[in-house]
Amino acid sequence: MRISGGGRCNVTHAGGPAEVLAAFPKAQARFLRPALHAFPGTRLLELLAAEGIRTEARENGRVFPVDGPGSAHRVADALERLARAAGVRIRTGCRVQGLDGTPPRLRALVLEGGARLVADVFILATGGASYPQTGTRGEMAGLLAGLGVPVAPWAPALAPIPLREPRPAWEGVALRGGVLSLRPAAGQRPLARFTGDLLFTRTGVSGPAALELSRETEAARRAGGAWLDVALTASSAEAVEAELLGLQTANPHLGVRTWLGRHLPERLADPALAGLPADQRLKDLPRAGRRALAGLVTAFPLGAPGPVDLAKGEVAAGGVRLAAVDPATLAVRGWENLRVCGELLDIDGPVGGYNLQAAFSTGFLAGSLSPGSS
Ligand SMILES: Cc1cc2nc3c(=O)[nH]c(=O)nc-3n(C[C@H](O)[C@H](O)[C@H](O)COP(=O)(O)OP(=O)(O)OC[C@H]3O[C@@H](n4cnc5c(N)ncnc54)[C@H](O)[C@@H]3O)c2cc1C
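Heads up: the sequence shown at position 253 corresponds to 253 in the UniProt record's numbering, and the numbers run straight through without jumps.
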């Protein structure tokens, strides 16, 4: 939480439960419905306000504390204060290495060094498997699988996408508002699309569009074929070719570089990318050149992706399968005293405060034990 939202912590997403649920894949939304209604974003914001943390929703619906850099620490500190005030004893530096039990009861957690922690009820909230330096290494999923709990393997999500042929010279260049398409191969029908900003990094691409398509990209890559390109105009390639033909009469001295600059950032507005000389003017542009330019702005090629790194994701896909958990209590089916919540569940929402809200809501419901319940 202390490194979330670039250190500012995007605590939740504005809107009622229905709007928040709409951002999740259908099966995940169905599962999350009781939790989101039991503990919606408004309840979280009330709690934070009572702890002196004022929040604001940005135009895109993302809710942040108003006091800027470092505010993630204030949110984490506030939650820790609330937990301690509720009587929670917090022990750090004691990693759980084993689970001792057989259905229907878990008997103890086995800690590093061999100590056992015995309890009546266990609520596991050990997160996903990305950013292992935060302590979230995903081993709990393996421990649960060892007890027979159905678990989906961890897979990267909301992660930067490395490219097989990265463009380090373009590091820091942003493609704004384009449509990123994932295809099995160049020119084929898209498997998935996302509209949003894209940022070139030294090794590939990042930014909202890359993060959102990272899960599907890795799945396609593993399935045998993935290719990425970006549409920088809403027009079809034919419409762009026709526009260029018109311009050849209307504005014959216009340089191709200038025309490209209308669609691409300056550093990328290079006629060589379409196989044309640097000083190419529209008046001498052959048909093949028009076609190449149209191809460039309607499907700017990023090429084949490399392996997406699980450790670099803002969330991890995979975890305890939702069918194995009762959405009303977060109890693992077949177990009387074992509950799971947060990212340990097979839930991965988009960027925007959704993942923390899902963790808060499922955590709330998992912790809402009625007297005598397990
Ligand atoms: C860089 C980054 C930025 C993010 N920004 C945002 C954001 O702004 N908004 C948003 O909604 N989401 C964001 N997310 C996602 C969000 O942080 C997670 O979805 C959320 O924290 C999951 O909560 P959790 O409590 O389930 O797990 P975590 O927050 O991962 O907490 C799990 C805890 O369990 C501990 N643990 C793990 N295994 C063991 C073990 N075996 N024994 C003992 N302890 C263990 C870990 O050390 C950790 O403290 C971000 C994620 C990352 C990585």
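For every residue, glycine included, the Cβ atom is placed at its ideal position computed from N, Cα and C.
Check, Outcome
"Just reading off the alpha helix (DSSP H) that Val-75 is part of, what are its end residues?", "71-85"
"When the Cα of Leu-109 is compared with those of Asp-197, Leu-338 and Arg-2, which residue comes out closest?", "Leu-338"
"Pair every Cβ in the stretch 284-291 with every Cβ in the stretch 299-318, then say whether three or more of these pairs are closer than 8 Å.", "no"
"Can you grab the Cα-Cα spacing for the pair Val-20 / His-37, in whole Å?", "11 Å"
"Can you find the residues in the same chain that come closer than 7 Å, C-beta to C-beta, to Pro-69, ignoring five residues on each side of it along the sequence?", "Gly-7 and Arg-8"
"Does DSSP classify Arg-290 as helix, strand or coil?", "helix"
"Spatial neighbours of Trp-259 within its chain, please: CB distance less than 8 Å, with the 5 preceding and 5 following residues excluded, ordered by chain position.", "Leu-244, Leu-247, Leu-282 and Leu-293"
"Taking 7 Å as the limit between beta carbons, can you name the residues of its chain near Arg-321, skipping five residues before and five after?", "Pro-150, Val-151, Ala-152 and Asp-346"
"Can you give, in chain order, each stretch of the alpha helix (DSSP H) that sits fully within the stretch 241-271 and has at least 4 residues?", "256-261"
"Please confirm whether residue 447 and Gly-342 have their CB atoms less than 8 Å apart.", "It is not possible to answer for residue 447, since the shown part of the chain is limited to 1 through 374."
"Measuring alpha carbon to alpha carbon, tell me which residue in Ile-3, Arg-137, Gly-138 and Pro-40 is nearest Asp-77.", "Ile-3"
"Just to confirm, does Ser-235 get its C-beta within under 7 Å of one of the non-hydrogen atoms of ligand 1?", "no"
"Quick one, which of Leu-213, Ala-85 and Leu-158 has its alpha-carbon nearest Leu-191's?", "Leu-213"
"Any heavy atom of ligand 1 closer than 7 Å to the CB of Ile-3?", "yes"
"Closest by CA to Gln-97, which one among Gly-146, Asp-229 and Gly-349?", "Gly-146"
"At a cut of 8 Å, does the stretch 176-195 reach the stretch 124-142 through at least three beta carbon pairs?", "no"
"Taking the beta strand (DSSP E) that Val-205 falls in, what are its first and last residues?", "204-206"
"Thinking C-beta only, is Gly-41 closer than 8 Å to Val-63?", "yes"
"Quick check: the Cα distance between Pro-162 and Phe-200, rounded to an integer number of angstroms?", "10 Å"
"Checking 8 Å against the spacing of the C-beta atoms, do Leu-47 and Val-75 come in under that value?", "no"
"Along the chain, which unbroken stretches of the beta strand (DSSP E) at least 3 residues long are found entirely within the stretch 103-156?", "105-111, 116-118 and 122-124"
"Look up Glu-56 in the DSSP assignment and give the residues it is bridged to.", "Phe-64"
"Identify, in the order they occur along the chain, each residue of the same chain with its Cβ nearer than 6 Å to the Cβ of Ser-181, setting aside the five sequence neighbours on each side.", "Pro-190, Arg-193 and Asp-229"
"Check the C-beta distance from Val-240 over to Thr-249 and give it rounded, since I have them as a contact under 8 Å.", "Not really, about 16 Å apart at Cβ, beyond 8 Å."
"Could you say which of Ala-14, Ser-361, Thr-217 and Leu-158 lies nearest to Gly-306 if we only look at CA atoms?", "Thr-217"
"What I want to know is whether the C-beta of Leu-338 ends up closer than 7 Å to one or more non-hydrogen atoms of ligand 1.", "no"
"Should Gln-357 be labelled buried (16 or more other beta-carbon atoms within 10 Å of its own) or exposed?", "buried"
"Excluding the 5 residues preceding and the 5 following Ala-18 in the sequence, name in chain order all residues of the same chain whose CB lies nearer than 6 Å to its CB.", "none"
"Between Ser-374 and the rest of its own chain, which residues show a CB-CB distance below 6 Å, the 5 nearest in sequence each way excluded?", "Only weak support is given to the placement of Ser-374: the predicted model assigns it a pLDDT of 48, under 50, and the value that follows is read from those uncertain coordinates. Contacts found: Val-121, Glu-336 and Asn-337."
"Is Val-88 near ligand 1, going by C-beta to nearest heavy atom under 7 Å?", "no"
"For Gln-97, does the three-state DSSP call read helix, strand or coil?", "strand"
"Buried or exposed for Asp-279, going by 16 or more other Cβ atoms inside 10 Å?", "exposed"
"If you follow the alpha helix (DSSP H) that Gly-367 is part of, which residue opens it and which one closes it?", "354-367"
"Tell me which residue opens and which closes the alpha helix (DSSP H) that Val-173 is part of.", "Premise fails: Val-173 is in no alpha helix (DSSP H) and is neither H nor E."
"What is the DSSP secondary structure of Arg-215, counted as helix, strand or coil?", "helix"
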